[in-house]
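*Asks:* Attaching a single structure in structure tokens format; questions to follow.
Protein chains: 2
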Amino acid sequence: MSATHKAEAKPPMRDALVAAAFRLFLERGYEQTTVDDIVALAGVGRRSFFRYFPSKEDVVFPDHERCLADMTAFLAASGEEHEPVRRVCDAARLVLLMYAENPSFSVQRYRLTKQVPGLRAYELSVVWRYERALAAYLRGRFTGRPDGNLHADVIAAAVVAAHNNALRSWLRSDGEGDAGSTVDHALGYVRSAFGTSPTDPAPTARPAFPALPAPPADGPPEDVVVVVARRGAPLWRVVQEIETTLGRD
Amino acid sequence: MSATHKAEAKPPMRDALVAAAFRLFLERGYEQTTVDDIVALAGVGRRSFFRYFPSKEDVVFPDHERCLADMTAFLAASGEEHEPVRRVCDAARLVLLMYAENPSFSVQRYRLTKQVPGLRAYELSVVWRYERALAAYLRGRFTGRPDGNLHADVIAAAVVAAHNNALRSWLRSDGEGDAGSTVDHALGYVRSAFGTSPTDPAPTARPAFPALPAPPADGPPEDVVVVVARRGAPLWRVVQEIETTLGRD
DNA sequence: GGCACGGATGGCACTCAGTTCCCTCCGCCG
DNA sequence: CGGCGGAGGGAACTGAGTGCCATCCGTGCC
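So the sequence lines, in the order shown, correspond to chains A and B.
Last residue of the first sequence? That's 249 in the working numbering, and every number before it is there in order.
Last residue of the second sequence? That's 498 in the working numbering, and every number before it is there in order.
Here it is as structure tokens:
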């Protein structure tokens, strides 16, 4: 097998293709560059390009597959002791780490994807896979809770949005400044919104919505009133709130 | 100008192409159907297809452009009197409405996009545009606030995620059941998480949980109970449900 | 009636991404 | 020495999307 350096040895081919591609993308634009141009500059056959990258877009995001695998592994390695929301925030930070590994490359790529609609669309599909990974983890942690899937999806989306907001602002500043703390701050907002105090170490597994009275099931669309109250609030307060609301009509 | 029926007259061409495309997509699959097949069945020239749809994918989502325009107009028509989070939730409902206009078509399309990666990617870019529209509106409303842009992005993402969660669950059930109330319930979660009491009718600066013991400072809404009732339901009935719920602990 | 004009359509040819098939080269093992 | 398997190269093909031009048709104008 000679596995000693087989898995480690980076094919120079792949890197050569990425380098050639970016040189051309930056100097004449993404759409103005054909795959033939890239392989010509790299001095390899056209067929080889598609051996290493399933599409022209993939050469722009050469390390997202690895990062996604890392994130999946990170989440799979979680245990009951990890608070779920905090865990997905930590997972999101892995993506930031990848960007921060090579700031100038990341900034160049950002400028590229900002201009080219096709690349933006591709990036969306990448981001979507991250989001699904986070949501899948949360769904697992929320099984049994009423609306567990809903909560998982919403929280995953919020985490991704916060992360991307911070990441983009870092990229717009040409990679200057502290990306880590920016992202931490953004994720802190999400954690505060979804019931995990940013410093809260580990709330014991407690069902959030243990016994929601089912809304009229397949009922009529009708006009509904939704009342939200913190669990443990005195009942009379809740009733007062309802009365106030209904009285408004 | 003869504007009498110019803007209203639907080109039969467009509809014929959509109909032909879906017949073929459903009977032999999206990727197995070429644009030439579609135009042959519709009995028109190939060039005409690309006059009506910029790409093959667009024929699968023939009315999203219109819906996006509707949403943008809806948001643009907002005033200071609208509570921002509630407003974007209402805007999201417009999308649901479009799906609900033609349930069987929506369900067929859902099955298609679920299977075809290319269509999923395309759908992501559509959803992304909705999300950006919502975020842009919120950013406008949040100008001046610290972290206004961050909050806008996160809330927009959460709204979209909640909406899509409910929409998908409705689509998975073949369009049976009440899509409206499902989406309302999902959006209620988002509104409760982001500091807007779901029943809060007015933008009058009223704290989210006015009558309840304050949550930890700038804090998380934390553990909440959501009660859904039809407007007009007898109050005692609502209270009874709440008691049942809280008593469960 | 004839004619000019503009919009809608059809058809052809082209580019380029992505795939299929097959070839060569090279290291390796028997 | 001969076979063998994997990495790379290359020709040819499919299909999406575009540019260009010819055609058709309704309208208004002379």
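All C-beta atoms, glycine included, are put in the ideal place defined by N, C-alpha and C.
For the region 388-401 of chain B, enumerate the residues whose C-beta is nearer than 8 Å to any C-beta of chain A, in chain order.
*Replies:* Here the close residues are Asp-396, Asn-398, Leu-399 and His-400.
*Asks:* Does DSSP put Ser-304 (chain B) in a helix, a strand or coil?
*Replies:* Here residue 304 (chain B) corresponds to residue number 55 of the second sequence, with the count starting at 1. It is coil, neither helix nor strand.
*Asks:* Against chain B, with Cβ distances strictly below 7 Å, would Trp-170 (chain A) count as a contact?
*Replies:* Indexing the first sequence from 1 puts residue 170 (chain A) at position 170. It does not: the Cβ of Trp-170 (chain A) has no partner Cβ on chain B nearer than 7 Å.
*Asks:* Tell me whether the beta-carbon of Ala-370 (chain B) lies closer than 7 Å to the beta-carbon of Ser-125 (chain A).
*Replies:* For the purposes of this step, residue 370 (chain B) is identified with residue 121 of the second sequence, where counting begins at 1. For the purposes of this step, residue 125 (chain A) is identified with residue 125 of the first sequence, where counting begins at 1. Yes, the Cβ-Cβ distance between Ala-370 (chain B) and Ser-125 (chain A) is below 7 Å.
*Asks:* So the candidates are B:Arg-335, B:Arg-295 and B:Glu-372; which of them puts its Cα closest to the Cα of Asn-413 (chain B)?
*Replies:* Translated into positions along the second sequence, residue 413 (chain B) becomes position 164. Closest option to Asn-413 (chain B), Cα to Cα, is B:Glu-372.
*Asks:* Between the alpha carbons of Leu-361 (chain B) and Gly-367 (chain B), how many angstroms are there, rounded?
*Replies:* Residue 361 (chain B) sits at position 112 when you count from the first residue of the second sequence. Residue 367 (chain B) sits at position 118 when you count from the first residue of the second sequence. Leu-361 (chain B) and Gly-367 (chain B): Cα-Cα distance of roughly 10 Å.
*Asks:* Could you tell me which chain A residues have their CB closer than 8 Å to the CB of Tyr-438 (chain B), listed as they occur along the chain?
*Replies:* Residue 438 (chain B) sits at position 189 when you count from the first residue of the second sequence. Going along chain A in sequence order, the residues near Tyr-438 (chain B) (Cβ under 8 Å) are Asp-147, Leu-150, His-151 and Val-154.
*Asks:* Please confirm if the region 311-326 of chain B is in contact with the region 271-281 of chain B, defined as three or more CB-CB distances below 8 Å between the two stretches.
*Replies:* Touching, no, given that fewer than three Cβ pairs across the two stretches are closer than 8 Å.
*Asks:* When the Cα atoms are used, what is the spatial distance from Phe-271 (chain B) to Glu-350 (chain B)?
*Replies:* The residue labelled residue 271 (chain B) in the question sits at position 22 within the second sequence. The residue labelled residue 350 (chain B) in the question sits at position 101 within the second sequence. If I take the Cα positions, the gap works out to 17 Å.
*Asks:* What does the alpha-carbon distance come out to for the pair Asp-184 (chain A) and Ser-304 (chain B)?
*Replies:* By one-based count along the first sequence, residue 184 (chain A) stands at place 184. By one-based count along the second sequence, residue 304 (chain B) stands at place 55. Near 40 Å, if we compare the C-alpha coordinates of Ser-304 (chain B) and Asp-184 (chain A).
*Asks:* Count the C-beta pairs between the region 143-162 of chain A and the region 403-412 of chain B that are closer than 8 Å, then say yes if the count reaches three, no if not.
*Replies:* Yes, the region 143-162 of chain A is in contact with the region 403-412 of chain B.
*Asks:* On the premise that Leu-75 (chain A) lies in contact with Leu-167 (chain A), defined as a C-beta separation below 8 Å, what is that separation, rounded to the nearest angstrom?
*Replies:* Your numbering for residue 167 (chain A) matches position 167 in the first sequence. Your numbering for residue 75 (chain A) matches position 75 in the first sequence. Rounded, the Cβ-Cβ distance is 19 Å, inconsistent with contact.
*Asks:* Since Arg-421 (chain B) is in the alpha helix (DSSP H), which residue starts that stretch and which ends it?
*Replies:* Looking up residue 421 (chain B) in the second sequence gives position 172. Where Arg-421 (chain B) is concerned, the enclosing alpha helix (DSSP H) stretches over 397-421.
*Asks:* Whole angstroms are fine: how far does the CA of Pro-12 (chain A) sit from the CA of Asp-312 (chain B)?
*Replies:* The residue you call residue 312 (chain B) lines up with position 63 of the second sequence. The residue you call residue 12 (chain A) lines up with position 12 of the first sequence. Cα-Cα distance, rounded: 47 Å.
*Asks:* Could you check whether Ala-162 (chain A) and Ala-186 (chain A) sit closer than 7 Å to each other, using their CB atoms as the reference points?
*Replies:* Mapped onto the first sequence, residue 186 (chain A) falls at position 186. Mapped onto the first sequence, residue 162 (chain A) falls at position 162. Yes; because the gap between Cβ atoms is below 7 Å, this pair is in contact.
*Asks:* What separation, rounded to the nearest whole angstrom, lies between the Cα atoms of Arg-394 (chain B) and Leu-387 (chain B)?
*Replies:* The sequence position of residue 394 (chain B) within the second sequence is 145, counting from 1. The sequence position of residue 387 (chain B) within the second sequence is 138, counting from 1. Arg-394 (chain B) and Leu-387 (chain B): Cα-Cα distance of roughly 11 Å.
*Asks:* Quick one, which of B:Leu-420, B:Thr-392 and B:Pro-333 has its alpha-carbon nearest Arg-358 (chain B)'s?
*Replies:* Taking the first residue of the second sequence as 1, we reach residue 358 (chain B) at position 109. Among B:Leu-420, B:Thr-392 and B:Pro-333, the Cα nearest to that of Arg-358 (chain B) belongs to B:Leu-420.
*Asks:* What does a CB cutoff of less than 8 Å around Lys-363 (chain B) pick up in its chain, not counting 5 residues either side in sequence?
*Replies:* Here the question's residue 363 (chain B) lines up with position 114 in the second sequence. Answer for Lys-363 (chain B): Arg-369, listed in chain order.
*Asks:* Starting from the beta carbon of Val-409 (chain B), find every residue of chain A whose beta carbon is closer than 8 Å, and list them in chain order.
*Replies:* Translated into positions along the second sequence, residue 409 (chain B) becomes position 160. Chain A residues near Val-409 (chain B): Ala-157.
*Asks:* Going straight from the alpha carbon of Gly-148 (chain A) to that of Glu-425 (chain B), what length do you get?
*Replies:* The residue given as residue 148 (chain A) occupies position 148 in the first sequence. The residue given as residue 425 (chain B) occupies position 176 in the second sequence. Their backbone Cα atoms lie some 22 Å apart in a straight line.
*Asks:* Can you look up Gly-140 (chain A) in the DSSP assignment and give me helix, strand or coil?
*Replies:* Working through the first sequence from its first residue, we reach residue 140 (chain A) at position 140. In this structure, Gly-140 (chain A) counts as helix in the three-state DSSP scheme.
*Asks:* With 7 Å set as the bound, which would you pick, yes or no: does the beta-carbon of Ala-92 (chain A) sit closer than that to a beta-carbon of chain B?
*Replies:* Here the question's residue 92 (chain A) lines up with position 92 in the first sequence. Not an interface residue.
*Asks:* Could you have a look at Gln-281 (chain B) and say whether DSSP puts it in helix, strand or coil?
*Replies:* The residue you call residue 281 (chain B) lines up with position 32 of the second sequence. Gln-281 (chain B) falls in the coil class under three-state DSSP.
*Asks:* I believe Asp-285 (chain B) touches Arg-295 (chain B) by the beta-carbon criterion, under 8 Å. Please report the beta-carbon distance rounded to the nearest angstrom.
*Replies:* Position 36 of the second sequence, counted from the first residue, corresponds to residue 285 (chain B). Position 46 of the second sequence, counted from the first residue, corresponds to residue 295 (chain B). Correct: roughly 6 Å between the Cβ atoms.
*Asks:* For Pro-311 (chain B), which of helix, strand or coil comes out of DSSP?
*Replies:* On the second sequence, residue 311 (chain B) is found 62 positions in, with the first residue counted as 1. Three-state result, Pro-311 (chain B): coil.
*Asks:* Beta-carbon of Ala-193 (chain A) versus every beta-carbon of chain B: anything under 7 Å?
*Replies:* Position 193 of the first sequence, counted from the start, is the residue given in the question as residue 193 (chain A). Answer yes: the Cβ-Cβ gap between Ala-193 (chain A) and chain B drops below 7 Å somewhere.
*Asks:* Which residues in the same chain as Gly-468 (chain B) place their Cβ atom closer than 8 Å to its Cβ, once the five residues preceding and following it in sequence are excluded?
*Replies:* Along the second sequence, read from residue 1 onward, the residue named residue 468 (chain B) stands at position 219. Low confidence applies to Gly-468 (chain B): its pLDDT is 39, below 50, so where it sits in the model is not reliable, and the reading given next is rough at best. Closer than 8 Å at Cβ, skipping near neighbours: no residue.
*Asks:* Where Val-309 (chain B) and Ala-289 (chain B) are concerned, what is the direct C-alpha to C-alpha distance, given to the nearest angstrom?
*Replies:* As a first step, residue 309 (chain B) must be located in the second sequence, where it is residue number 60. As a first step, residue 289 (chain B) must be located in the second sequence, where it is residue number 40. Cα to Cα, the separation comes out at about 18 Å.
*Asks:* In its own chain, which residues sit with a C-beta less than 6 Å from the C-beta of Arg-263 (chain B), not counting the 5 before and 5 after it?
*Replies:* What you label residue 263 (chain B) is simply residue 14 of the second sequence in a count that begins at 1. Contacts found: Tyr-301.
*Asks:* Per DSSP, what kind of secondary structure is Met-262 (chain B) in: helix, strand or coil?
*Replies:* Position 13 of the second sequence, counted from the start, is the residue given in the question as residue 262 (chain B). Three-state result, Met-262 (chain B): helix.
*Asks:* When the Cα of Leu-399 (chain B) is compared with those of A:Thr-182, A:Glu-131, A:Leu-150 and A:Thr-143, which residue comes out closest?
*Replies:* Counted from its first residue, the second sequence places residue 399 (chain B) at position 150. When only C-alpha atoms are compared, the closest one is A:Thr-182.
*Asks:* Less than 7 Å between the beta carbons of Phe-194 (chain A) and Ala-442 (chain B), yes or no?
*Replies:* Locating residue 194 (chain A) in the first sequence gives position 194, counting from the first residue. Locating residue 442 (chain B) in the second sequence gives position 193, counting from the first residue. Yes, these two residues count as a Cβ contact at 7 Å.
*Asks:* Hey, does Ala-289 (chain B) have any beta-carbon neighbour from chain A nearer than 7 Å?
*Replies:* Start at 1 with the first residue of the second sequence, and residue 289 (chain B) comes out as number 40. Not closer than 7 Å to any Cβ of chain A, the Cβ of Ala-289 (chain B) fails to qualify, so no.
*Asks:* Taking the alpha-carbon of Pro-352 (chain B) as reference, which of B:Arg-336, B:Asp-423 and B:Ala-401 has the nearest alpha-carbon?
*Replies:* Within the second sequence, the letter at position 103 stands for residue 352 (chain B). Answer by Cα proximity: B:Asp-423.
*Asks:* Quick one: which residues of the region 308-325 of chain B get their C-beta closer than 7 Å to a C-beta of chain A? List them in chain order.
*Replies:* So nothing in the stretch comes that close.
*Asks:* Going by DSSP in three states, Asp-90 (chain A) sits in which element: helix, strand or coil?
*Replies:* Here residue 90 (chain A) refers to the residue found at position 90 of the first sequence. In the structure shown, Asp-90 (chain A) sits in a helix (DSSP, three-state: H, G or I).
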